[in-house]
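Take a look at the structure set out below.
Numbering (my numbering), first residue to last: 3 to 294.
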């Protein structure tokens, strides 16, 4: 079918994404119903994948594979998060937003930016006329995606099972993959989206390489904005008085899975430089007066 608004579908996907998120923002604002937030985000990726694939209409093997990978990820995460929030009740992230329309609107706008930006590698692949044969980058990208989504799915289920057990009430999750990293789900998320980017590189040309901003943006968000910092501060506030928790935090990698014995014996400079153990992850301990 070819070009719609622009040859790379950037305007098309931006309009669709803003419209989709605006629809759910209106529902949330009018009904004060925030249980569909994560579902709206993850399913938006599916819409963009299907839309760009169908509108282009070329159905190249690489386009189909990467689109299917994003659709699988979106379906799994969307259904999981929707079922979890329906089971657990209200989303605490919106406690301060429900009565503040400006903050709520800013959140939904930011979610639209997140979806559009992270989808960039797939958008460009599906808009491209180039169709080189399968390259090593394709295989590497697909493997990265498979490992990433396997880790993310396993970590999500392990934490859900842990929290659903009455015996674990008031405890932090330190079972399964959570023994080796404090945020295995985020590690899987980052890995799979870098895999999508790597799988897109055989068709990228010139300025199209700027789609690397997609996985960079996602990584930045999880490391410094809406991911690890918020959860670390929340966990510190709840468990910092417990010595077992402080031991867990000191011996468990924040992101990259590693045996606790190995991680606990690494020098601090190495953890900061190569394993993302940034000082901002200890703001909760500083606030509690445990660290200076």
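The beta carbon of each residue, even a glycine, is placed where N, CA and C say it ideally should be.
None of these values were measured; they are calculated from a predicted model.
- Contact between residue 81 and residue 183 does not hold, since the beta-carbon distance rounds to 24 Å and is not under 8 Å.
- Here residue 269 is exposed. Its C-beta has fewer than 16 other C-beta atoms within 10 Å.
- Under the 10 Å beta carbon count, residue 50 is surrounded by 16 or more other beta carbons and is classified as buried.
- Excluding five sequence positions before and after residue 205, the CB atoms of its chain that fall closer than 6 Å to its own CB belong to 127, 130, 132, given in chain order.
- Shortest Cα-Cα distance from residue 78 to any of 48, 11, 63, 61 involves 48.
- Secondary structure note for residue 104: its alpha helix (DSSP H) is the uninterrupted segment 103 to 120.
- Taken through DSSP and simplified to helix, strand or coil, residue 253 comes out as helix.
- A contact between stretches requires three or more CB pairs, one per stretch, nearer than 8 Å, and the region 246 to 258 meets this requirement with the region 171 to 185.
- In the structure shown, residue 207 adopts coil according to DSSP, grouped into three states.
- The Cβ atoms of residue 202 and residue 134 lie no closer than 9 Å to each other.
- By the Cβ neighbour-count rule, residue 108 is exposed, with fewer than 16 other Cβ atoms within 10 Å of its own.
- The alpha carbon of residue 84 has as its nearest neighbour, out of 194, 38, 148, the alpha carbon of 38.
- Counting only the Cα atoms, residue 153 lies some 27 Å from residue 239.
- When DSSP states are grouped into helix, strand and coil, residue 36 belongs to the coil group.
- It is roughly 36 Å from the alpha-carbon of residue 29 to the alpha-carbon of residue 60.
- Rounded to the nearest angstrom, the gap between the Cα atoms of residue 163 and residue 266 is 27 Å.
- Residue burial is scored here from C-beta neighbours: residue 65 has at least 16 other C-beta atoms within 10 angstroms and is therefore classed as buried.
- Residue state for residue 158 is assigned as helix, using DSSP reduced to three classes.
- With respect to the C-alpha of residue 72, the residue from 237, 43, 58, 166 having the closest C-alpha is 43.
- When C-alpha distances from residue 224 are compared across 143, 181, 185, 236, the shortest belongs to 185.
- For residue 10, the closest alpha carbon among the candidates 287, 227, 213, 69 is that of 213.
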